[in-house]
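One structure is given here, and the rest of the page talks about it.
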Amino acid sequence: MLQRSQTLYLMGVFILTILMFTGSIADFTGSDGELYLKHSGLFNSQVERMELSTWPLTLIFALVSALSFFNIFSYTNRVRQMRLCTFLILICVGMIGMMFYYTWIASNRFDTIQTLHKWRFIVPPICVILLYLAFRRIRRDELMVKAFDRIR
316 MLQRSQTLYL
326 MGVFILTILM
336 FTGSIADFTG
346 SDGELYLKHS
356 GLFNSQVERM
366 ELSTWPLTLI
376 FALVSALSFF
386 NIFSYTNRVR
396 QMRLCTFLIL
406 ICVGMIGMMF
416 YYTWIASNRF
426 DTIQTLHKWR
436 FIVPPICVIL
446 LYLAFRRIRR
456 DELMVKAFDR
466 IR
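Residue 389 in my numbering is what sits at position 74 of the sequence shown, and the numbering runs on without skipping anything.
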(Lines of atoms letter the chains of each structure in order from A and count residues from 1; the text may use other names and numbers.)
(Lines give C-alpha, C1' and ligand atoms only; values in the text may rest on other atoms or scores of the structure.)
Protein backbone atom coordinates (compact mmCIF):
# COMPACT_ATOMS: atom_id res chain seq x y z
CA MET A 1 0.00 0.00 0.00
CA LEU A 2 2.98 2.31 -0.26
CA GLN A 3 1.91 3.44 -3.72
CA ARG A 4 -1.26 5.13 -2.47
CA SER A 5 -1.78 8.89 -2.81
CA GLN A 6 -1.80 9.45 0.96
CA THR A 7 1.73 8.05 1.05
CA LEU A 8 2.82 10.73 -1.40
CA TYR A 9 1.22 13.42 0.77
CA LEU A 10 2.93 12.09 3.90
CA MET A 11 6.25 11.82 2.06
CA GLY A 12 5.84 15.45 1.01
CA VAL A 13 5.37 16.44 4.66
CA PHE A 14 8.47 14.45 5.61
CA ILE A 15 10.63 16.06 2.92
CA LEU A 16 9.37 19.57 3.66
CA THR A 17 10.06 19.26 7.38
CA ILE A 18 13.55 17.90 6.69
CA LEU A 19 14.15 21.00 4.54
CA MET A 20 13.31 23.14 7.57
CA PHE A 21 16.66 22.10 9.07
CA THR A 22 18.73 23.43 6.16
CA GLY A 23 18.71 27.20 6.45
CA SER A 24 17.39 30.32 8.09
CA ILE A 25 13.75 30.91 8.87
CA ALA A 26 13.96 34.70 9.04
CA ASP A 27 16.61 37.40 8.59
CA PHE A 28 16.75 40.56 10.67
CA THR A 29 18.48 43.85 9.91
CA GLY A 30 19.17 46.05 12.89
CA SER A 31 21.63 48.40 14.52
CA ASP A 32 23.86 45.45 15.47
CA GLY A 33 24.07 44.17 11.89
CA GLU A 34 22.33 41.21 10.33
CA LEU A 35 20.84 38.38 12.38
CA TYR A 36 19.64 34.99 11.15
CA LEU A 37 16.98 32.90 12.89
CA LYS A 38 17.57 29.20 12.31
CA HIS A 39 16.06 26.13 13.90
CA SER A 40 19.02 25.89 16.26
CA GLY A 41 19.10 29.51 17.43
CA LEU A 42 19.74 33.09 16.48
CA PHE A 43 23.06 33.84 14.78
CA ASN A 44 24.78 37.04 13.71
CA SER A 45 26.71 37.58 10.47
CA GLN A 46 29.92 36.14 11.99
CA VAL A 47 27.99 32.90 12.72
CA GLU A 48 28.16 33.47 16.46
CA ARG A 49 25.20 32.27 18.48
CA MET A 50 23.18 34.99 20.17
CA GLU A 51 21.36 34.56 23.47
CA LEU A 52 18.10 33.22 22.02
CA SER A 53 17.65 29.47 22.28
CA THR A 54 15.15 27.83 19.95
CA TRP A 55 15.42 24.18 20.99
CA PRO A 56 11.59 23.75 21.16
CA LEU A 57 11.43 24.68 17.48
CA THR A 58 14.05 22.07 16.66
CA LEU A 59 12.15 19.50 18.70
CA ILE A 60 8.90 20.26 16.87
CA PHE A 61 10.59 19.99 13.44
CA ALA A 62 12.11 16.64 14.41
CA LEU A 63 8.84 15.37 15.86
CA VAL A 64 6.83 16.22 12.75
CA SER A 65 9.39 14.65 10.42
CA ALA A 66 9.70 11.47 12.52
CA LEU A 67 5.97 11.00 12.98
CA SER A 68 5.19 11.62 9.32
CA PHE A 69 7.82 9.05 8.35
CA PHE A 70 6.36 6.58 10.86
CA ASN A 71 2.87 7.31 9.54
CA ILE A 72 3.90 6.29 6.03
CA PHE A 73 4.71 2.76 7.18
CA SER A 74 1.67 2.25 9.41
CA TYR A 75 -0.63 1.71 6.43
CA THR A 76 -2.00 -1.55 7.86
CA ASN A 77 -3.72 0.34 10.70
CA ARG A 78 -5.71 3.11 9.06
CA VAL A 79 -7.33 4.32 12.29
CA ARG A 80 -3.89 4.96 13.78
CA GLN A 81 -2.89 6.71 10.57
CA MET A 82 -5.90 9.03 10.81
CA ARG A 83 -5.16 9.81 14.47
CA LEU A 84 -1.52 10.54 13.67
CA CYS A 85 -2.57 12.84 10.83
CA THR A 86 -4.84 14.76 13.19
CA PHE A 87 -2.08 14.99 15.79
CA LEU A 88 0.42 16.14 13.15
CA ILE A 89 -1.97 18.85 11.97
CA LEU A 90 -2.18 20.18 15.51
CA ILE A 91 1.61 20.08 15.87
CA CYS A 92 2.05 21.91 12.56
CA VAL A 93 -0.32 24.64 13.74
CA GLY A 94 1.81 24.87 16.88
CA MET A 95 4.88 25.06 14.66
CA ILE A 96 3.42 28.07 12.87
CA GLY A 97 2.79 29.75 16.20
CA MET A 98 6.29 28.96 17.48
CA MET A 99 7.91 30.37 14.35
CA PHE A 100 5.97 33.63 14.70
CA TYR A 101 6.77 33.73 18.42
CA TYR A 102 10.52 33.37 17.93
CA THR A 103 10.49 35.92 15.12
CA TRP A 104 8.63 38.36 17.36
CA ILE A 105 10.97 37.73 20.30
CA ALA A 106 14.09 38.18 18.15
CA SER A 107 12.83 41.38 16.56
CA ASN A 108 11.86 42.90 19.93
CA ARG A 109 14.90 41.80 21.91
CA PHE A 110 17.52 42.93 19.41
CA ASP A 111 15.79 46.10 18.13
CA THR A 112 15.64 45.14 14.49
CA ILE A 113 14.63 47.58 11.81
CA GLN A 114 13.55 45.09 9.17
CA THR A 115 12.37 41.49 9.34
CA LEU A 116 12.54 39.30 6.24
CA HIS A 117 10.67 35.99 6.43
CA LYS A 118 12.20 33.26 4.28
CA TRP A 119 10.35 30.70 2.19
CA ARG A 120 10.48 28.27 5.11
CA PHE A 121 7.67 30.25 6.72
CA ILE A 122 5.16 28.81 4.25
CA VAL A 123 6.23 25.20 4.81
CA PRO A 124 4.03 24.53 7.90
CA PRO A 125 0.79 25.70 6.21
CA ILE A 126 1.67 23.52 3.21
CA CYS A 127 2.25 20.62 5.61
CA VAL A 128 -1.17 21.21 7.19
CA ILE A 129 -2.79 21.07 3.76
CA LEU A 130 -0.91 17.89 2.80
CA LEU A 131 -1.79 16.23 6.10
CA TYR A 132 -5.46 17.13 5.64
CA LEU A 133 -5.42 15.62 2.14
CA ALA A 134 -3.74 12.48 3.48
CA PHE A 135 -6.35 12.25 6.25
CA ARG A 136 -9.17 12.45 3.71
CA ARG A 137 -7.62 9.71 1.54
CA ILE A 138 -7.03 7.42 4.52
CA ARG A 139 -10.61 8.00 5.70
CA ARG A 140 -11.93 7.22 2.23
CA ASP A 141 -9.99 3.94 2.19
CA GLU A 142 -11.32 3.02 5.64
CA LEU A 143 -14.91 3.73 4.59
CA MET A 144 -14.43 1.69 1.43
CA VAL A 145 -13.11 -1.30 3.41
CA LYS A 146 -16.04 -1.08 5.86
CA ALA A 147 -18.52 -0.93 2.98
CA PHE A 148 -16.88 -3.95 1.36
CA ASP A 149 -17.07 -5.91 4.63
CA ARG A 150 -20.75 -5.03 4.95
CA ILE A 151 -21.48 -6.42 1.47
CA ARG A 152 -19.75 -9.70 2.20
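Note that beta-carbon positions come from the ideal geometry of N, C-alpha and C, so glycine has one too. The structure presented is a predicted model; accordingly, all values stated were derived computationally and were not measured.
{"Asked": "For TRP434, which option in ILE411, ASN386 and ALA381 has the closest C-alpha, if you only look at C-alpha atoms?", "Found": "ILE411"}
{"Asked": "Going by C-alpha to C-alpha distance, which of LEU334, ALA449 and PHE415 sits closest to PHE376?", "Found": "LEU334"}
{"Asked": "Which ranges would you report for the beta strand (DSSP E) in the region 403–455 if only whole runs of at least 3 residues count?", "Found": "427–432"}
{"Asked": "So is ILE428 buried or exposed if we call it buried at 16+ other beta carbons inside 10 Å?", "Found": "exposed"}
{"Asked": "Do LEU367 and ARG424 have their C-beta atoms closer together than 9 Å?", "Found": "yes"}
{"Asked": "For a quick check, are the C-beta atoms of THR332 and VAL408 less than 9 Å apart?", "Found": "no"}
{"Asked": "Would DSSP call GLY356 helix, strand or coil?", "Found": "strand"}
{"Asked": "Return the Cβ separation of MET413 and PRO371 in integer angstroms, given the expectation that the two are a contact with Cβ distance under 8 Å.", "Found": "6 Å"}
{"Asked": "By the DSSP assignment, the alpha helix (DSSP H) with GLY327 in it spans what residues?", "Found": "320–334"}
{"Asked": "Mapping the DSSP letters down to three states, classify LEU367 as helix, strand or coil.", "Found": "coil"}
{"Asked": "Three-state secondary structure (DSSP) at PHE343?", "Found": "strand"}
{"Asked": "So, under 8 Å CB-CB, GLY345 and ASP456 are touching, yes? Tell me the CB distance rounded to an integer number of Å.", "Found": "With a Cβ gap of about 51 Å, GLY345 and ASP456 do not count as contacting."}
{"Asked": "Go through its chain and collect everything with a Cβ distance to ILE453's Cβ below 6 Å, but skip five positions before and after it.", "Found": "GLN321, ARG393, GLN396 and MET397"}
{"Asked": "Around the Cβ of ALA381, are there at least 16 other Cβ atoms within 10 angstroms (buried) or fewer (exposed)?", "Found": "exposed"}
{"Asked": "Comparing C-alpha positions only, which one of THR401, THR373 and LEU374 sits nearest to ASN386?", "Found": "THR401"}
{"Asked": "Using the DSSP secondary-structure output, state which residues sit across from LEU374 in a beta bridge.", "Found": "Looking at the DSSP assignment, LEU374 forms no beta bridge with any residue, so it has no partner."}
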